[in-house]
Structures are given as structure tokens and as C-alpha cells.
Ligand SMILES: Nc1ncnc2c1ncn2[C@@H]1O[C@H](COP(=O)(O)OP(=O)(O)OP(=O)(O)O)[C@@H](O)[C@H]1O
Ligand SMILES: [Mg+2]
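Protein chains in written order, with this note's numbering: chain A, 1 to 312; chain B, 313 to 574.
Structure follows, in C-alpha cells:
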């Protein structure tokens, strides 16, 4: 059913593209390309109706089903509140609190009472710094490892050992090295981000088809040209995938790291609200952290689509 | 005969985890400057391997390959390759793919001249209209044409073509065969072309090198194509010599060789 509607709209477009310049030289295809330049045949009214109906059905489904899930969760939640755990805030109460918190995000009432916007900005700044530093170190290192067998041998075992370690295990080392919480949190994010970046970049370099290397060899591109014209563009999709992965993990890790380091930041804010037994705030924080996570991922996804030559 | 390109006792053994595979054994071939050679043989016999050794992309395990009496060590733009699978860089447009090569071999020329030369070569293969498309947006035959334009634009001493017209329809193929003949006559490049097409081999080449089946493939027979140039496909179609030569290649491929292989 779907395939049918798809074919009706997609086929003529595909034809114009592939026949464009060959049309004049190849008579057998002439007939087809002429058909392609003619105005698109309109689907029969019956089919059009059906396509329309299917489209509305799809929209309803993608909207209604998540709403249904949401309703079930809210219902369970209020049941829990009234019958099982009364210390848990009611949905309505949380909603009111959320409105208060979210409508005044940049409130600044002294060092210990800042709005959620400030908290998020501080967390994001740490993630950005750690992520950026990791990219500066990890991507070149990944290139070297992908290009040179010796580099691969030298670094691979170390990375294999360190990669499965929770980045939070590095926090004490950071505190010891930097004697301050902010750089330590950035350090933890740096560690979080660097492994996927190195590994993806190296994998990307190694996955470059021999064909491209042959072209570079025949043209005798020098090292710099090779990196700029072939290695880098061919590897870019892998690099961006590595960046996307590490940013996702970094956003999870920063919350935990800030709970430990204190100060200002969404993680510590959440922990502080728990100490004040302000459970509504925690629920709001969870929602906000999730939302920011989605935005970060969408941004990276957008970048991925822009830079990946396969998707352009 | 003065050898321009000279293969002496070339052996090629590929070693892999599963063991060694002897692809070529004692391949000897001398080519004169400006000669057009067709390499023909059954699939997998080692034609691309010979070509890659001349290109410098593969190192022969035995014997020497000489170009102008100097041993071939590594690839270089004086031996342009039209790859079997076109090998365009997908992140560059058609124009940029050719320009990458032109920038390399004409580095001393002004920008405008290089641009013009790129467009000239794209026109030659009728791809100037698609100059701004990326390889992902054009058909297989179109990609092959860009690959040919890229190699021609390099004005190489030796033009190596691995089934360059394989993916093309009959008309485009005929047109490109004619252009390649014309360019070759004008520039007097030495050409090594792999083909599966007997007519193409007879029409284009001065000699047809027929390879035996692998493993340990070698050169079975070399056929001189002494048809006068310039050649015209319509006139040749009436020429009994043409049909005789064609018959000889077919006989090698489908009689002598199938029996030997069986
Ligand atoms: N890198 C390699 N490693 C191992 N074996 C190889 C390698 N390259 C080629 N071969 C083998 O060498 C033989 C010759 O390969 P080649 O690509 O030269 O054949 P071909 O004559 O060009 O075939 P086709 O007409 O199908 O392109 C084949 O049996 C192939 O499996
Ligand atoms: Mg081949």
C-alpha cells in the first residue's frame, strides 16, 4: 500500500535524473526521458484519496500513541501518589513547580540560588570544553593510529584497557592534578569523549577503500594533500559519528560528575534539591536534562547529515 | 624493436592468510612508444594485475617492469589509470574530480587555463553538463566517462585503461572509442587497454595480447592488428581482414583456451 503511493510520486523524478544528459545520444532511452519531462501523471482520484487517508492515519498514530503512553504514566504516577508513596509529589503539583522553574530560568538570587538556565549553561560549558579538548587531541591521534601500524600497536592496548572504565573513576585524579573542581569536571568529560573519537577516527581511516588510495597514489598527492583531499573527507562521517557518540555520553556523565563536585551545574542542582527534599525539582530536572540531550543529539545529527558525502 | 615499456619475466604471487596464490607467471611483453595494446583474457586471469604492475600500484614478486629503460617504482601521473570501477572520489563533484588531477599535472599553468582544460576534457566525454553533480548522483556509465576524462586530462605517457567502456551503452561506447583513437593519434600516447570485447580490441589496437587462464597465467598469443589507420568502424565492418582477425581472437578465447582450461 505504501510502496504503491511511493512509486507513483518517486519514479518520474528518478528518471529525469539518470537520463538527463544521455537523452540526446541514446535513442532507446528517448521514449523514457520524454515521458519523464512531461508533466507528472496525476494519480487517479481514488488513489489520491487513499494516499491522503493513509497520511492522516500515520500522523494520528505518531501523535496519539506517545500521548497515550504519557497518559498511562501520569495515571500510574497519581495512583502512586495517593495510594503508595504520598511523599512523592502529585503530577499537578509538579506541573505547577515546573512552570515556576522554567518561566524564570535565569533567576539569580545569590550564589546558592540560581535559575535552572544558569545551571544548564554551566554544565554545557563544561561539556563543551571537555568535548572540544578531546576533539583536538583525539581526532589527530585517531588519524595517526589509522595511518600507521606502529602507532596502532603503541596505543591500542592502552585504549582497550581504559575505554571500559567509568570516566568518573578519573575524577579523583583530576582533583589531584588541578586542585579545583571546574577543571576536574572538564577533565572527566575530556576522558569520556576521547575514546570514541580516537576509535572512530582510526576505524574511519582504516575503512577508506583501496580505490581512493589508488587514485591518490596515481596522482602522487603529497602527505598534506592526501590528508586534506582524501583521508579527511573520507573519514569525516566516522569522525562525526564518534563526536556524536561521545557528546551523548558526556551529557550523561556531567550530571554524575557535578553531583560529586558540587558548585553550580544541573547535576549539583539536582543533588541539592534532593538534599532539600524537593522531589518536584528532581522530576523537572530529569525532564530538562532529557530535553537538552535530545537537542544536543539533533545538532550532531544535523552536522552528520551536512558533512556525510553519502547523505548530501 | 625499441622497447618503451618492457615487462621481463614478471611473476606475481599474492600471499594471504590462506596461503599463496600465483596469479602471473613469466609474463614478457615489450611495447613500443605510441603503441595501442589490448589485453584480453577470461575473467580473473590477471589482466588487472598486469595493469596495476605497470601503474606501479602493485610490486611484482619477480622480474622487472621497465619504462623508458628505468625500473617502475611506484605509481605516478605519467601513467594515468582508468580504473575498472571508475574510482571517483564521492565527496568531490565531477568537475573537482577531474580538477584534482589537472591541478597536479599542470601545477605551473594559470588557474583559468586549468579550469578550461578540465571542461575541455569533460566535453570530450559529454559530461560537461553534469560538471557540478557528485558521483552519487550520476549513473555508472557517466562515472566511467568521468574516469576516462580524468585520465585523458593528465596527458600521460602511458594510458592504462581497465575495461574503460564496459559500463557504457553501445552508442556512447562507440563515440568514446573514436575519441580515444583520435586523442591517441594526436598525442601518440602508449595505451594498454583491458577489454572483454573482441570488436573493441580489433578496432582500437595495434596488437592484441591474449592471456591464458590463471592461476599462473601468462601471455598465450599476441596478434598483430595491421589494419590501416585512421580506422573507421563502418568501413572495417566490410573488411575481410577485420573479420579474420576477429575470428582469431574468438578462436583463442573460446576454442583453444576453453579446452586447455578444461
Ligand atoms: N590483492 C589480491 N590478493 C589475492 N589475490 C588477488 C589479489 N588481486 C588479485 N588476485 C587474484 O589474482 C587473479 C587475477 O586477478 P585480476 O584482478 O588481475 O583479474 P582480471 O583478469 O582483471 O579479472 P576481471 O576481468 O574479472 O577483472 C584472480 O584470481 C584474483 O583472485
Ligand atoms: Mg580486472
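Quick reminder that beta carbons are idealized off the backbone N, C-alpha and C, glycines included. Everything numeric in this text was worked out from a predicted model, so none of it was measured.
Of all residues in the segment 375 to 399 of chain B, only 386, 387, 388, 389, 391, 392, 393, 395, 397 and 399 come within less than 8 Å of chain A when Cβ atoms are compared, listed by chain position.
Remark: the C-beta of residue 360 of chain B is in contact range of ligand 2, defined as less than 7 Å to any heavy atom. Using beta-carbon distances, residue 421 of chain B does not count as an interface residue toward chain A, since no partner is under 8 Å. The Cβ-Cβ distance between residue 162 of chain A and residue 118 of chain A does not fall below 8 Å. Not a single CB atom of chain B sits nearer than 8 Å to the CB of residue 226 of chain A.
Of the residues B:387, B:496 and B:356, the one whose Cα lies closest to the Cα of residue 366 of chain B is B:387. In the DSSP assignment, residue 114 of chain A forms a beta bridge with A:108. Residue 171 of chain A is outside the set of residues whose beta carbon lies under 8 Å from a beta carbon in chain B. Under DSSP, residue 218 of chain A forms no beta bridge with any residue.
Checking the 7 Å criterion, the Cβ of residue 396 of chain B is within range of a heavy atom belonging to ligand 2. By the CB criterion at 8 Å, residue 218 of chain A and residue 410 of chain B fall outside the cutoff.
For the segment 502 to 546 of chain B, the continuous beta strand (DSSP E) assignments of 3+ residues that do not extend past its boundaries occur at 502 to 506, 519 to 523 and 531 to 536, in sequence order.
Rounded to whole angstroms, the separation of the alpha carbons of residue 101 of chain A and residue 86 of chain A is 22 Å. Pairing residue 500 of chain B with residue 346 of chain B gives a Cβ-Cβ distance under 8 Å. Under the 8 Å criterion on CB atoms, residue 464 of chain B is classed as non-interfacial with respect to chain A.
Put simply, the CB of residue 402 of chain B is near chain A, with a gap under 8 Å to one of its CB atoms.
Interface annotation, residue 434 of chain B: not in contact with chain A, CB-CB separation never under 8 Å. Residues of the segment 325 to 336 of chain B with a C-beta less than 8 Å from any C-beta of chain A: none at all.
With a threshold of 8 Å between beta carbons, residue 223 of chain A makes no contact with chain B. Under the three-state reduction of DSSP, residue 322 of chain B is assigned to strand. Between residue 256 of chain A and residue 267 of chain A, the beta carbon gap of about 6 Å places them in contact (Cβ cut-off 8 Å).
Its chain contains 107, 108 and 264 as the residues whose beta carbon lies nearer than 7 Å to that of residue 114 of chain A, once the 5 sequence neighbours on both sides are disregarded; these appear in chain order. In the structure shown, the three-state DSSP call for residue 459 of chain B is helix. Apart from sequence neighbours up to five positions away, the residues of its chain that approach residue 289 of chain A with a beta-carbon distance below 7 Å are 255 and 266, ordered along the chain. In this structure, the alpha-carbon of residue 494 of chain B lies about 44 Å from that of residue 305 of chain A. For residue 367 of chain B, the closest Cβ of chain A is nearer than 8 Å. Two segments are said to touch when three or more pairs of C-beta atoms, one from each, lie closer than 8 Å; by this definition the segment 430 to 438 of chain B touches the segment 456 to 463 of chain B. Counting of Cβ neighbours within 10 angstroms places residue 89 of chain A among the buried residues, the total reaching 16 or more. Chain-ordered, the chain A residues with CB closer than 7 Å to the CB of residue 413 of chain B read 219.
With 16 or more other CB atoms across the displayed protein chains lying within 10 angstroms of its CB, residue 190 of chain A is buried. Within chain A, the residues whose beta carbon sits less than 9 Å from that of residue 416 of chain B are 219, 220, 221 and 225, listed in sequence order.
Against chain B, a Cβ distance below 8 Å from residue 230 of chain A picks out 401. In this model, residue 169 of chain A and residue 207 of chain A are separated by some 32 Å (Cα to Cα). Residue 348 of chain B is bridged by DSSP to B:503. With a 10 Å radius around the Cβ and a threshold of 16 neighbouring Cβ atoms, residue 523 of chain B comes out buried. Taking the Cα positions, residue 292 of chain A is about 56 Å away from residue 333 of chain B.
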